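Numbering (our numbering), first residue to last: 92 to 364.
Glycine is no exception: its CB is placed at the ideal position from the N, C-alpha and C atoms.
Owing to the predicted nature of the structure, the values given are computational and were not obtained by experimental measurement.
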C-alpha cells in the first residue's frame, strides 16, 4: 500500500477514539483484514447542564479511559468491531465531598455490513452497548455509565477522492434504551434518541490526515434523565509506516442536556493489516 493512496488511508481516521463512539464509517473490512488500536481518553468537566439548559457548577469530574478498539473482516462485506474501555473516574464537590470509581465502562460490540456493487461506500451497523458495572447508589461516587443495555441501528455513507485528497462521511442511528440493566437498577428509564456522527478531512504530505469531527445524541423525549450532547473537534492520523499509526483527537462538548459539559482528548497507537 502506498502511503499516498488516499482511499486506503482515509477510512482509518474514522476510528480515532471518541468517547462513547466506536465507528468504522462506511468502509467495511474485507475477509482476514483487521485493525486494532489501544489508546487513552481523558474527559474533564466542571459543569452539568440540566433539562432546562441551566448549568450546575458545584462538582468537578475527571475520567481516564484505557481503551481497545478493533475491527476484523468476517466475510465479504461483513465485519465485527468492538470498543472495550477500562475507566478510572473521580468526582469532587465544592462542599468537600468526593468519590471515585474504577472498572469496565460501556463496552460496544457491533456487526457491520456493506451491500456489494454500490457506487459509493455505504454500510449498516447493529451495535449493542453492554454496561459491565453497577450504577453508583451514592451522590459522591461517579457512575461508570447509565447502566442500561442499548441497541443502536446505524446507517453510514461517505466517500473519498485522490485529487484533491479529501474524504467525508455521515452516520445516523436510532438508539433504543432497553429496560435491561447489569447489576443494580437505578430506577430511571432514559428514552430513545437520534445518534449522529460526521467527519471530513484532508491528507497532507502523503501520511498525515487532518479532519474535523462532530457527534452526539439528540433525545426524542423531554425529561430529566435522558442525556443529550454534541461534540465538535479536530482529529489527526499520522501513518508511521504501512501498518502502524499514531492518532489523536480533541472533543469539546458544545451542547448538553442532562449531561456534563466539558472537554475530552484522546491519544492512540494503531495497527492495521
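So, at 6 Å on beta carbons, what are the nonlocal neighbours of residue 211 in its own chain, with the 5 sequence-adjacent residues on each side left out? 250
If you reduce the DSSP assignment to three classes, tell me which class residue 106 lands in. Model confidence at residue 106 stands at a pLDDT of 42, short of 50, so the residue's coordinates are unreliable; what they give is reported in the following sentence. Here residue 106 sits in helix by DSSP.
Are there 16 or more other CB atoms within 10 angstroms of the CB of residue 143, so buried, or fewer, so exposed? exposed
Taking 9 Å as the cut-off, decide whether the C-beta atoms of residue 378 and residue 359 are in contact. Summary: the structure shown does not reach residue 378, with the chain confined to residues 92 through 364, and so no result is reported for it.
Report the rounded CA-to-CA distance for residue 315 versus residue 141, giving the unit in angstroms. 7 Å
Threshold first: 3 residues or longer. Then list the beta strand (DSSP E) segments lying entirely within the stretch 225-290, N to C. 239-253 and 256-272
Shortest alpha-carbon distance to residue 256 belongs to which of 276, 295 and 234? 295
Taking the C-alpha atoms as reference points, what is the distance between residue 271 and residue 279? 11 Å
Own chain residues within Cβ distance below 6 Å of residue 180, not counting five before or after: 154, 192 and 233
Beta-carbon contacts of residue 239 that lie in its chain and below 8 Å, excluding the five residues immediately before and after: 220, 222, 268, 269, 270, 271, 272 and 281
Looking at the structure shown, is residue 351 part of a helix, part of a strand, or coil, going by DSSP? strand
Cβ-based burial, residue 334 [other Cβ within 10 Å; buried from 16]: exposed
Bridge partners for residue 342 per DSSP, in chain order? 355
On a Cα-Cα basis, can you pick out the residue from 168, 167, 149 and 172 that is closest to residue 160? 172
With a Cβ-Cβ cutoff of 9 Å, do residue 245 and residue 259 count as a contact? No, the Cβ-Cβ distance between residue 245 and residue 259 is not below 9 Å.
Contained beta strand (DSSP E) runs [length at least 3] in the stretch 176-202, N- to C-terminal order: 189-195
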